[in-house]
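Using the numbering used here, you'd call the opening residue of the sequence shown number 11 and step up by one each time. For glycine and all other residues, C-beta sits at the position ideal for the given N, C-alpha and C.
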Amino acid sequence: MSRSTRDRLKHALAPFRPRLKPGIVVIGAQKAGTSALYRMLIQHPSIIPPVTKELNFFNHDKDHAKGPGHYAKLLPLRPVHGKGWITVDATPGYLHHPQVAERLHRALPNAIIVSILRDPVLRAYSDWNMFRRFKDNPPYAHLYDARTFEEAMQAELATAPDNAPYLSRGYYAQQLERYFAVYPKEQVLVFPYPLFKKEPASVVSKICSAAGLAPVNWDGSLKNVKANINPYLNPIPETLREELSAHFKPHMEALWELLGERLQLSEG
Numbered sequence: 011m012s013r014s015t016r017d018r019l020k021h022a023l024a025p026f027r028p029r030l031k032p033g034i035v036v037i038g039a040q041k042a043g044t045s046a047l048y049r050m051l052i053q054h055p056s057i058i059p060p061v062t063k064e065l066n067f068f069n070h071d072k073d074h075a076k077g078p079g080h081y082a083k084l085l086p087l088r089p090v091h092g093k094g095w096i097t098v099d100a101t102p103g104y105l106h107h108p109q110v111a112e113r114l115h116r117a118l119p120n121a122i123i124v125s126i127l128r129d130p131v132l133r134a135y136s137d138w139n140m141f142r143r144f145k146d147n148p149p150y151a152h153l154y155d156a157r158t159f160e161e162a163m164q165a166e167l168a169t170a171p172d173n174a175p176y177l178s179r180g181y182y183a184q185q186l187e188r189y190f191a192v193y194p195k196e197q198v199l200v201f202p203y204p205l206f207k208k209e210p211a212s213v214v215s216k217i218c219s220a221a222g223l224a225p226v227n228w229d230g231s232l233k234n235v236k237a238n239i240n241p242y243l244n245p246i247p248e249t250l251r252e253e254l255s256a257h258f259k260p261h262m263e264a265l266w267e268l269l270g271e272r273l274q275l276s277e278g
């Protein structure tokens with residue numbers, strides 16, 4: 011059989027080859043380094059990346075309604091040779107969506123669930139800054155938030171959580187509770203954002219070990235990986251920071267109780 015014939019046959023049979031399932035799912039939080047973590051993970055020789063970092067299948071109701079066949083199209087083909095391959099789904103919107111935990115567990119009961127948590131005040135500020143930058147980004151200009159950060163926060167503090175996207179994405183305890191309700195605790199890994207920034211190789215090694223992947227010398231392998239860092243023009247006003255910290259205090263206490271430890275989220 012000629013090489014060209016083999017190539018045509020391989021191409022024709024590709025749709026019938028099985029797809030890799032995610033062995034690792036990074037669920038968030040948004041604005042907490044998930045893009046950098048994804049770029050690090052896919053450097054592992056046993057991880058084949060999907061079509062894009064954020065698959066947004068389990069949190070987009072219309073896409074989820076299309077069924078597992080639609081999700082499979084977003085996943086890489088299983089290599090013909092070798093074993094132990096996995097892929098990764100890194101969609102930070104999964105943590106906040108109330109139905110994703112159960113949907114994920116039905117589809118991927120053996121996956122390692124990973125969450126990086128950031129100081130919720132700084133997470134909200136980073137989120138707001140992202141929406142401010144959309145003003146000069148045509149595909150996302152309709153999402154531009156013209157309010158000052160203080161205006162946005164005061165509006166959300168005065169409304170119900172369902173109408174407070176900046177704040178509610180920092181209610182980590184109630185979000186993680188949904189994952190601990192369906193996954194064994196050892197399958198749900200939670201890391202503080204400052205630790206990930208300081209010791210990325212250690213965090214990535216722990217994730218890969220939990221997923222059953224062979225160890226890698228990450229200190230020499232994390233090449234050209236940088237977080238999405240954009241400078242902020244103005245600091246958060248101290249009075250507003252104190253007000254937001256007080257707002258989040260009961261949520262953080264609930265998180266410490268859920269995890270059984272107090273994660274160090276301070277970035278100071």
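| task | Round the Cβ separation of V124 and I57 to the nearest angstrom and send it over; I've been treating them as touching at under 8 Å. | result | Actually they are not in contact, since the Cβ atoms of V124 and I57 sit about 13 Å apart, beyond 8 Å.
| field | Opening and closing residue of the beta strand (DSSP E) in which G79 lies | value | No beta strand (DSSP E) contains G79, which is instead part of the alpha helix (DSSP H) from 78-82.
| query | Relative to the C-alpha of S276, which residue among H261, Y135, P245, V131 is closest? | reply | V131
| field | Three or more C-beta pairs below 8 Å linking the segment 106-115 and the segment 65-84 | value | yes
| field | Range of the contiguous alpha helix (DSSP H) that encloses I37 | value | No alpha helix (DSSP H) contains I37, which is instead part of the beta strand (DSSP E) from 32-38.
| Mind checking whether Q85 and T97 have CB atoms under 9 Å apart? | The sequence shown places Leu at residue 85, not Gln. For L85 and T97, yes; Cβs fall inside 9 Å.
| How long is the line joining the alpha carbons of L19 and R49, rounded to whole angstroms? | Low confidence applies here, because L19 scores a pLDDT of 39, under 50, leaving its location unreliable and the question unanswered by this model.
| said: With DSSP as the reference, identify every bridge partner of P202, one or two as the case may be. | reply: L127
| said: I'd like to check one pair, V36 with L47: are the Cβ atoms closer than 9 Å? | reply: yes
| field | The alpha helix (DSSP H) enclosing V214, as first and last residue numbers | value | 210-220
| query | Of the residues P225, L118, K41, which one's Cα is nearest the Cα of R179? | reply | K41
| field | C-beta contact flag for A211 and W228 at 9 Å | value | yes
| task | Tell me whether N120 counts as near the ligand COA, meaning its Cβ is closer than 8 Å to at least one heavy atom of that ligand. | result | Inclusion of the ligand COA in the displayed structure is not the case, the ligand content being empty and no account of it being possible.
| request: May I ask you to report which of helix, strand or coil DSSP gives T158? | output: coil
| Is F159 closer than 9 Å to L87 when the C-beta atoms are compared? | no
| said: Using the three-state DSSP reduction, which class does R29 fall into: helix, strand or coil? | reply: strand
| task | Assess, as a yes-or-no matter, whether the segment 182-192 is touched by the segment 259-275 under the definition of 3 or more beta carbon pairs within less than 8 Å. | result | yes
| field | Beta-carbon separation (whole angstroms), Y203 vs G43, contact threshold 8 Å | value | 6 Å
| query | Considering only residues of the same chain and omitting the five flanking positions on each side of H54, which have a CB-CB separation below 7 Å? | reply | C218, L223, V226
| request: Note down the Cα distance separating D155 from N173, rounded to an integer number of angstroms. | output: 15 Å
| query | From the DSSP output, which residues share a beta bridge with L87? | reply | R29
| By DSSP, does A168 sit in helix, in strand, or in coil? | coil
| request: Taking the CB atoms as reference points, tell me whether L118 and P32 lie closer together than 9 Å. | output: yes
| said: Could you compute how far the alpha carbon of W166 sits from the alpha carbon of E252? | reply: The sequence shown places Glu at residue 166, rather than the Trp named in the question. So the alpha carbons of these two residues sit roughly 16 Å apart.
| message | As an exercise, report each continuous alpha helix (DSSP H) stretch of at least 4 residues that is fully enclosed by the segment 176-200, in chain order. | response | 182-190
| Got a sec, what are the start and stop residues for the beta strand (DSSP E) D99 sits in? | 97-100
| Residue from E263, V213, M262, P28 whose Cα sits closest to the Cα of W95 | P28
| query | How far does the alpha helix (DSSP H) with V61 in it reach, from first residue to last? | reply | Unbroken run through V61: none, as it is neither H nor E.
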